[in-house]
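Engineer: Residue numbers (the working numbering): 4 to 363.
Where is the CB? At the ideal position from N, CA and C, for every residue including glycine.
Here the structure is a predicted model, which means the values were calculated and not measured.
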C-alpha cells in the first residue's frame, strides 16, 4: 500500500455523534409527528454526522462518472461493441446522456474521467484523463490488472476528489461507464462475499438466457484461474476488477476522509463500495445507497454491505443516474431539517408527537 492511499485510510474517522444527536433533537422538535418523514429524517441525521454540522447545507454538488474498458468483453458477455464506451463518453461531454439531464436537473456538475478507455481521447473540456491502461486484460485469461495498477486506479479517484474539493464540494455522486463492467462487478461481489456466481450475476446490457449462462461460466472461470483473496481488496480489484471500479472506490474513500456524503449509484458503484469498505470498514457510514437496481445481484450486494437504498425505480443504466436522484433526496432531507419550523418557532402545541395519528 502506498503512502497516499495509507494517508487517506488513516484520515477516515467515525461519524460526529454530537452533530447527529443535535440533528435528531431538532428533528423531534419540528412541526410534524416524530418520524413522519421516514427515511428523509434518518438521512438528514446521517448527513449531519458525516459533515459534523447540525444543519448541513448541500450547495455544491458533483457527480463523478468514471469510464474504462474491460478485456473480458472478448468473451462475448455483452450485446454492444466495445467502442460504445468511448462513444458514450463523448455523449456525456456533449450533454446528451441520461446523466447529463438528471445532473442538470439536480444542479450537480458532472466530472467525467477516462480511467482506461480504448482509443483514448484528445484534450477535451470537462474530461479528466487518469488513464491507467487502454482497458483491463481479459480476466478469464489472466489478471485484469497488476496490483500496482489497482492502487493507481484508487489513487486517481482520491486525486479527483481532492481537486474538486477545491472548487467547492458538499456532496458527491458516483457513476460509471464501461462495456463489461457488470461482469467485473459480479466477479468482485462473488469473490468478496463467497456467494455463487449464478446468484449474483445479471443481464447487464440485456443479454438472453443463453448469454447469461455463458456470462456465469466466464466469471466462474476467471475466479478459478485468478483465485482472488476476499480479505485483500487490492488483490480482488487487480484480479477481476476494472479501472473505473478502482477509481470509484478511491472517490468513496476520499469522500469519507473529507467528511463528504457519497451517494452511490447502482451495481458497479456497489462493487466499488465493496473494495472501499474492505479497505476501510468505517467508510461505509459515509455512503448513501441511492437506489436498488434491476441488476440481479444489486439487492444482495446492498444487503451484504448493510446499506438501505432510498428508492426502487427499476433502473439499470448506471452513469450516475440513480446517484443524481439520490442527491435530490439528500438535499430535500437537509432542507427539511434546517428550514422547517419547530413547534416553538411556529407557536404550535406539541402533544404526543411520538405517534402519527393523521391530520384529522
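Cα separation between residue 104 and residue 98?
Structural biologist: Approximately 7 angstroms, taken between the alpha carbons.
Engineer: According to DSSP, residue 130 sits in a beta bridge with which residue or residues?
Structural biologist: 115, per the DSSP bridge assignment.
Engineer: According to DSSP, which residues form a beta bridge with residue 179?
Structural biologist: Note: residue 179 sits in a beta bridge opposite 69.
Engineer: For the putative contact between residue 249 and residue 326, defined by C-beta atoms under 8 angstroms, what is the C-beta separation to the nearest angstrom?
Structural biologist: Wrong, their Cβ atoms sit about 18 angstroms apart, outside the cutoff.
Engineer: By a C-beta neighbour count over all protein chains shown, 10 Å radius and 16 as the cutoff for buried, is residue 301 buried or exposed?
Structural biologist: Buried is the call here.
Engineer: Nearest by alpha-carbon distance to residue 63: which of 163, 170, 257, 191 is it?
Structural biologist: Among 163, 170, 257, 191, the Cα nearest to that of residue 63 belongs to 170.
Engineer: On a CA-only basis, which of 346, 341, 141 is nearest residue 25? Give me that one, please.
Structural biologist: Answer by Cα proximity: 341.
Engineer: Between which residues of its own chain and residue 262 is the CB-CB distance below 7 angstroms, once the five residues before and five after are set aside?
Structural biologist: Cβ neighbours of residue 262 beyond the five flanking positions: 53, 54, 55.
Engineer: Out of curiosity, what's the CA-to-CA distance linking residue 321 and residue 227?
Structural biologist: The straight-line gap from Cα to Cα measures roughly 28 angstroms.
Engineer: Within its chain, find whatever has a CB closer than 7 angstroms to the CB of residue 120; leave out the 5 residues flanking it on each side and keep chain order.
Structural biologist: Answer for residue 120: 70, 71, 72, 88, 89, 92, listed in chain order.
Engineer: Taking C-alpha atoms, which residue in 312, 350, 286, 189 lies nearest to residue 75?
Structural biologist: With distances taken between Cα atoms, residue 75 lies closest to 189.
Engineer: Could you spell out where the beta strand (DSSP E) holding residue 291 opens and where it closes?
Structural biologist: Residues 290-292.
Engineer: With DSSP as the reference, please indicate the residues paired to residue 174 in a beta bridge.
Structural biologist: The partner list for residue 174 (beta bridge, DSSP) reads 64.
Engineer: Only counting the same chain, and skipping five residues up and downstream in sequence, which positions put a Cβ closer than 7 angstroms to that of residue 309?
Structural biologist: So the list reads 287, once near-sequence residues are dropped.
Engineer: State the DSSP-derived secondary structure class of residue 200, mapped to helix, strand or coil.
Structural biologist: Of the three classes helix, strand and coil, the one that applies to residue 200 here is helix, per DSSP.
Engineer: Can you tell me which residues form a DSSP beta bridge with residue 310?
Structural biologist: None; residue 310 has no bridge partner.
Engineer: For the beta strand (DSSP E) containing residue 265, name the first residue and the last one.
Structural biologist: Residue 265 -> beta strand (DSSP E) spans 265-267.
Engineer: Closer than 7 angstroms by C-beta to residue 208: which residues in its own chain qualify, once you throw out the five before and the five after it? Chain order, please.
Structural biologist: Closer than 7 angstroms at the Cβ level, and outside the excluded window around residue 208, lie 81, 82, 83.
Engineer: According to DSSP, is residue 34 helix, strand or coil?
Structural biologist: Residue 34: coil per DSSP, three-state reduction.
Engineer: Cβ atoms of residue 324 and residue 101: under 7 angstroms apart, would you say?
Structural biologist: Result yes, Cβ atoms of residue 101 and residue 324 sit closer than 7 angstroms.
Engineer: Thinking C-beta only, is residue 236 closer than 7 angstroms to residue 278?
Structural biologist: The answer is yes: Cβ separation under 7 angstroms.
Engineer: How would you label residue 312, buried or exposed, when you count the other beta carbons within 10 angstroms and need 16 or more for buried?
Structural biologist: It is buried - the Cβ of residue 312 has at least 16 other Cβ atoms within 10 Å.
Engineer: Using 8 angstroms as the Cβ pair cut-off and three pairs as the minimum, do the stretch 135-151 and the stretch 239-249 touch?
Structural biologist: Short answer: they touch.
Engineer: Need the endpoints of the alpha helix (DSSP H) that residue 91 sits in, please.
Structural biologist: Start and end: 87-96.
Engineer: Is there contact between the stretch 158-176 and the stretch 126-143, where contact requires at least three CB pairs shorter than 8 angstroms?
Structural biologist: Contact between the stretch 158-176 and the stretch 126-143 is present, because at least three Cβ pairs lie under 8 angstroms.
Engineer: Could you tell me the alpha carbon to alpha carbon distance between residue 41 and residue 332, rounded to whole angstroms?
Structural biologist: So the alpha carbons of these two residues sit roughly 12 angstroms apart.
Engineer: Near residue 295, which residues of its chain fall below 7 angstroms by C-beta distance, leaving aside the five closest residues on each side in sequence?
Structural biologist: Cβ within range, chain order: 301, 302, 305, 312, 315.
Engineer: Tell me, which residues are paired with residue 149 by DSSP?
Structural biologist: According to DSSP, which records beta bridges pairwise, residue 149 is partnered with nothing at all.
Engineer: From residue 30 to residue 44, what does the alpha carbon distance come to, in whole angstroms?
Structural biologist: Near 7 angstroms, if we compare the C-alpha coordinates of residue 44 and residue 30.
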